[in-house]
Ligand code: AMP
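In my numbering, the protein residues as written are 1424 to 1862.
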């Protein structure tokens, strides 16, 4: 048999697709925690939850995120379906949310409409530490208001997410102006960068004609000294953009949100205008690679999708990146479900009765664990130990004959026998007493 056939015959154990990741049971508490914080903060600030499909028309992203953006040119999972439609797995959620806003006539509601989301995105990114091809984002979008107060509220909300988990962060903020003031800046920037054309990285040389602003957020070491002295958009803002930006900063000062003006925050997507910002870890200010999230104003997006001109501002944060920081810094996260009592049984008759008792305990709101598939008492008691329950209830042959239940206090080993018919009440009583003792 030739080598290839042999290899094919070898039993293949399937593996994850590159760049994908399982969220395992032991990690669920982190996800629940982050989701809860996002839900609570968003709802308390007047945002309503929206869930848009994972699949949209490819064109939705091409027209908004941009034909020159990395996301669209290199990273989009796009395909033609059986009906011939050109579709894509969403690489980000803002275009989908604005599509939904337009499609469902949200422009007829009192403005602005504040929406938030929490869900998976897909980008065929280079897999590396902290970068996945399916990753989760939460995000806030305020659609239908141009006032700077909304930029400030979105930034505050983003900042508060990280504050609530005790992760020190800072806002890096910039304004990239609007269609009327950006061209003059871009012309100046281009003239400046052209002077250094041969010294720029290959990628930046390419961007010189395609995606000029992106050169400013290059991570290539040879670009950095050139970028430092590049002209800054802030010096070219028109009066409206300048006033708007000053107001955003004033609101942030008032709210005591720490920020740093950073002329290199350009975000790289076509739809942004005016405010652009990222949230960085406080202790890694120099590393934009580790941005926890980013956002900005996108006043022109709705119009590109065929709607009325509708000013808007938003933020998206990476869930995996936040969770990895929570783990790395050992920040406090609630334990997952903590069992209070373990129900052990011995013998067929006891198991039958235990099944019913288990359901009664669950219905009474008691956090009860079991291991009914194990026949010996020993493995069951070992599991009870492992779970760290306060009590173990044991139904053995003697208890079946006497119609009783044995309750063992796991802390002091004291065992008491109670009437089986009163088991739920007796267990509840003991749990309540033990909570009072703990307090
Ligand atoms: P972006 O809009 O591309 O700046 O993404 C916002 C946030 O999403 C980033 O700051 C990251 O926290 C997260 N993010 C983006 N791409 C990925 C990825 N490929 N894997 C994991 N997280 C990501």
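Every residue, glycine too, gets a C-beta built ideally from N, C-alpha and C.
When burial is assigned at 16 or more other CB atoms within 10 Å of the CB, is residue i buried or exposed?
i	result
residue 1503	exposed
residue 1641	buried
residue 1615	exposed
residue 1464	buried
residue 1740	buried
residue 1541	buried
residue 1436	exposed
residue 1625	exposed
residue 1627	buried
residue 1544	buried
residue 1621	exposed
Which partner residues does residue i have in the DSSP bridge list?
i	result
residue 1820	In DSSP, residue 1820 forms no bridge with anything.
residue 1472	1539
residue 1531	According to DSSP, which records beta bridges pairwise, residue 1531 is partnered with nothing at all.
residue 1544	1558
residue 1509	1503
residue 1842	1827
residue 1478	1512
residue 1765	1792 and 1815
residue 1738	1563 and 1718
residue 1595	1683 and 1701
residue 1696	1720
residue 1832	1814
residue 1551	1554
For residue i and residue j, I'd like the C-alpha separation in whole angstroms.
i	j	result
residue 1461	residue 1554	21 Å
residue 1582	residue 1639	24 Å
residue 1508	residue 1546	20 Å
residue 1863	residue 1774	Only positions 1424 to 1862 of the chain appear in the structure, and residue 1863 is not among them; the question remains open.
residue 1844	residue 1479	57 Å
residue 1822	residue 1848	17 Å
residue 1492	residue 1859	59 Å
residue 1752	residue 1819	46 Å
residue 1481	residue 1510	5 Å
residue 1578	residue 1692	18 Å
residue 1647	residue 1629	16 Å
residue 1585	residue 1592	7 Å
residue 1718	residue 1678	19 Å
residue 1456	residue 1471	19 Å
residue 1780	residue 1702	51 Å
residue 1609	residue 1680	30 Å
residue 1486	residue 1505	23 Å
residue 1835	residue 1743	42 Å
residue 1652	residue 1530	43 Å
residue 1797	residue 1771	11 Å
residue 1857	residue 1749	31 Å
residue 1644	residue 1686	17 Å
residue 1580	residue 1674	13 Å
If I measure Cβ to Cβ from residue i and keep anything under 6 Å in the same chain, skipping five residues before and after, which residues do I get?
i	result
residue 1726	1732
residue 1564	1520, 1538 and 1737
residue 1600	1656, 1660 and 1664
residue 1837	none
residue 1634	1491
Please list, in chain order, all residues of the same chain as residue i whose beta carbon is under 8 Å from its beta carbon, the five residues on each side excluded.
i	result
residue 1807	1765, 1767, 1792, 1815 and 1833
residue 1760	1790
residue 1603	1661
residue 1473	1520, 1523, 1538, 1539 and 1540
residue 1587	1460 and 1464
residue 1497	1547
residue 1802	1794
residue 1495	1484, 1485, 1488, 1489 and 1514
Give a yes or no on whether the C-beta atoms belonging to residue i and residue j are separated by under 7 Å.
i	j	result
residue 1636	residue 1763	no
residue 1538	residue 1521	no
residue 1571	residue 1667	yes
residue 1535	residue 1567	yes
residue 1730	residue 1525	yes
residue 1724	residue 1713	no
residue 1595	residue 1688	yes
residue 1721	residue 1682	no
residue 1475	residue 1598	no
residue 1441	residue 1550	yes
residue 1453	residue 1746	yes
residue 1484	residue 1518	yes
residue 1715	residue 1589	no
residue 1556	residue 1443	yes
residue 1654	residue 1612	yes
residue 1512	residue 1477	yes
residue 1800	residue 1769	yes
residue 1865	residue 1619	This structure gives no information on residue 1865, because the portion of the chain shown stretches from 1424 to 1862.
With respect to 6 Å, is the separation between the Cβ of residue i and the closest non-hydrogen atom of the ligand ATP below this value?
i	result
residue 1557	Only the ligand AMP can be found as ligands here, which leaves the ligand ATP out of the picture.
Please list, in chain order, all residues of the same chain as residue i whose beta carbon is under 7 Å from its beta carbon, the five residues on each side excluded.
i	result
residue 1841	1827, 1828, 1830 and 1849
residue 1574	1671, 1698, 1720 and 1736
residue 1469	1537
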